[in-house]
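Structure first, commentary second.
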Amino acid sequence: MIISIIVFLFIFIATIFATNNILEMPDNQNLQDLQEYKPAILKDANGDVKKRWYVEFYALDATTQKLKRKRVFISTKYKTKKDRYAFGNKLVKQINTLLMKGAHFNASKERKPDAAWEHQNVVELLEYAYQILTKNARYYSIKTYKSNKNNFINFLEENGLDNQKPENIPIQSYFQFFDEIVTKRNLSNSTYNTRLRTLKTLFNVLVRRKILEANPLAEIEKRKHTPKTNQAFTDEQREALETYLKEKAPNLYYFTRLIYSGFLRPTEITRLKAKHVKLQFNQIVVHAEMSKTAKPGVVIINKGLKNVFEEMKIDKIPENHYLFSTGLKPGTKRIFASNVSNIHGTILKDLGLFGKNLTLYSWKHTGVVNAYRAGVDIKTLQSLLRHHSLEMTDIYLRSLGLFHNKNIEEISW
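Numbering-wise (this note's numbering), the sequence shown opens with residue 2 and increments by one.
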């Protein structure tokens, strides 16, 4: 009897200690009134004590005003089902009591914006860096950072490292996360490098602000990756595609013309409105917020592209309408380039061209190849492609197998 009481008291004290290190009570009455949460539940791995047990719940994050998931893993020192259920159920009760009173994450940061960073764990610091880095970022950048951040946080939670400071996590654990990308998940070196780059960038935000002394990922190197070559359509492929698009998907045909003749990126085209096309000046104005590089630019409208705009009756489209909206018709709703790419990919499959390294971007490569063959010089191509340097254009042309001295073919020695 005495032993069971001691065990009970130990478990009870341990659960109180655990909850005090997870949630904070708000001083701000507005936050307390929100009372947004999802109750804690015990995840018992179907009673298998060989697997990790944990308590999962959602609570309001004071810094983001959104629900945040939290997993509290139960220590493996509780060997029996009885002890784990005792600890887990007490923990659930304690957490739910706090949640019902309005407890939430990061209350101290909400009260004290300049709180000492040394008390923040790796997850809190990554979330802070993420908020700074994505403040005015573009949709796909935010999506990439969020996905890679969450993958890493899930790894930390699964391995009981989420409450540690970054500098206290063994370097072997950081390596383990990246090793498993290849060994367990069988993902590509490109994905490996993307995750490494984004997470290093997040940690660098903390290093620059003197929150961390060093980037914990500094010793991890990217893997060798052979990028896909830029593949243009052959003349036969181009002719077959253009015939198909003109007959069965005219709006997609117009879309591809802006890539082929204007060298515009698909994402830029989805942001293009009628007011950006200055037909009287033979120019398309690309604002900074429309461009991948966040730099403004001007695209020249050549004869072929001018004919396309006239076919589209661009003068009849309201100036604030997107040129390509739902159904690739002019409208007020902006679509995503990935949707257009998927439609184009389906057509490539229908024509037996899918899987040959041909994509929607191949129209740009094809346009550059044909412009070069038509005699457009490299300096003009640099301007049309909106490259920041001649070297960049040179590298791009070489990737298409183009750049050489045309006069050399007429010389012998």
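In this text, a Cβ means the ideal position worked out from N, Cα and C, and glycines have one as well.
(message) Beta-carbon within less than 6 Å of VAL124's beta-carbon, same chain only, minus the 5 sequence neighbours each way: which residues are those?
(response) ILE154, ASP163
(message) Tell me which residues share the same chain as ARG224 and place their Cβ nearer than 7 Å to its Cβ, disregarding the 5 neighbours each side in the sequence.
(response) ASN190, TYR193, ASN194
(message) Can you list, in chain order, the residues of its chain with a C-beta nearer than 7 Å to that of ASN332? Leave out the 5 residues immediately preceding and following it.
(response) Before going further, note that residue 332 is Gly rather than Asn in the sequence given. The residues are HIS322, TYR323, SER326.
(request) Measure the C-alpha to C-alpha separation of ARG275 and ARG387 and round it to an integer number of angstroms. (result) For the sequence presented, residue 275 should be read as Ala rather than Arg. Computed Cα separation, rounded: 21 Å.
(request) To the nearest angstrom, report how far apart ASN137 and ARG70 are at their CA atoms. (result) 24 Å
(message) Considering Cα atoms alone, identify which of LYS350, GLY353, GLY328, LYS334 is closest to VAL341.
(response) GLY328
(message) Checking 8 Å against the spacing of the C-beta atoms, do LEU203 and LEU134 come in under that value?
(response) yes
(message) In chain order, what are the residue ranges of uninterrupted alpha helix (DSSP H) at least 4 long that sit wholly in the segment 274-318?
(response) 304-312
(request) Using a threshold of 8 Å, state whether the C-beta atoms of GLY89 and ASP49 are closer than that. (result) no
(message) I'd like the list of long-range same chain contacts for ILE367, defined as Cβ closer than 8 Å, with 5 residues on each side in sequence excluded.
(response) For clarity, residue 367 is Thr in the given sequence; the question names Ile instead. For THR367, where only same-chain residues beyond five positions count, the Cβ hits under 8 Å are ALA233, PHE234, ARG239, TYR261.
(request) Name the two residues that bound the continuous alpha helix (DSSP H) containing GLU158. (result) 140-159
(message) Less than 8 Å between C-beta atoms, sequence neighbours within five positions excluded: which residues of the same chain meet that for GLN30?
(response) Any reading at GLN30 is ruled out, since the residue's pLDDT is 36, under 50, leaving its predicted position unreliable.
(request) Please state whether DSSP places GLU214 in a helix, a strand or coil. (result) coil
(request) Would you tell me roughly how many angstroms separate the C-alpha atoms of VAL208 and GLN121, rounded to the nearest one? (result) 14 Å
(request) Would you list the residues sitting across from LEU359 in a DSSP beta bridge? (result) In the DSSP output, where bridge partners are listed per residue, LEU359 has none listed.
(request) Could you give the DSSP three-state label for LYS350: helix, strand or coil? (result) helix
(request) Verify whether the separation of the beta carbon atoms of ILE285 and VAL300 is less than 8 Å. (result) yes
(request) Measure the CB-CB distance between ILE42 and VAL93 and report whether it falls below 8 Å. (result) yes
(request) Please go through the same chain and pick out, in chain order, the residues whose beta-carbon is closer than 6 Å to the beta-carbon of MET291, but skip the five residues on each side of it. (result) GLU269, ARG272
(request) Along the beta strand (DSSP E) that carries GLU57, what are the first and last residues, could you check? (result) 55-62
(message) Measuring alpha carbon to alpha carbon, tell me which residue in ALA372, PHE176, TYR129 is nearest LEU197.
(response) PHE176
(request) With a threshold of 16 other CB atoms inside 10 Å of the CB of MET313, please say whether the residue is buried or exposed. (result) buried
(request) Report the three-state DSSP secondary structure of TYR38 (helix, strand or coil). (result) strand
(message) Helix, strand or coil for GLY368? Go by DSSP, reduced to three states.
(response) helix
(message) Measuring straight from C-alpha to C-alpha, what distance separates LYS304 and ALA250?
(response) 22 Å
(request) Using the DSSP secondary-structure output, state which residues sit across from LYS44 in a beta bridge. (result) TYR55
(request) In angstroms with no decimal places, state the Cα-to-Cα distance between PHE334 and ASP84. (result) In the sequence under discussion, the amino acid at residue 334 is Lys, which differs from the Phe named in the question. Roughly 56 Å separates the two Cα atoms.
(request) Please work out which residues of its chain come closer than 8 Å, Cβ to Cβ, to VAL377, disregarding the five sequence neighbours upstream and downstream, and give them in chain order. (result) LEU385
(message) According to DSSP, ASN323 sits in a beta bridge with which residue or residues?
(response) In the sequence under discussion, the amino acid at residue 323 is Tyr, which differs from the Asn named in the question. LYS274, GLY332.
(request) Go through its chain and collect everything with a Cβ distance to PRO40's Cβ below 7 Å, but skip five positions before and after it. (result) PHE58, ASN97, LEU100
(message) The alpha helix (DSSP H) that contains LEU203, what's its start and end?
(response) 190-209
(request) Identify, in the order they occur along the chain, each residue of the same chain with its Cβ nearer than 6 Å to the Cβ of ILE318, setting aside the five sequence neighbours on each side. (result) ALA275, PRO331
(request) Evaluate HIS105 with the Cβ neighbour count: other Cβ atoms within 10 Å of its Cβ, from every protein chain shown; 16 or more gives buried, anything less gives exposed. (result) buried
(message) Applying the 10 Å Cβ sphere with the 16-neighbour rule, what's the burial state of TYR140?
(response) exposed
(message) Going by the DSSP bridge assignment, what does VAL73 pair with across the sheet?
(response) VAL56
(message) On the DSSP letters alone, give me the boundaries of the alpha helix (DSSP H) that TYR261 sits inside.
(response) 251-261
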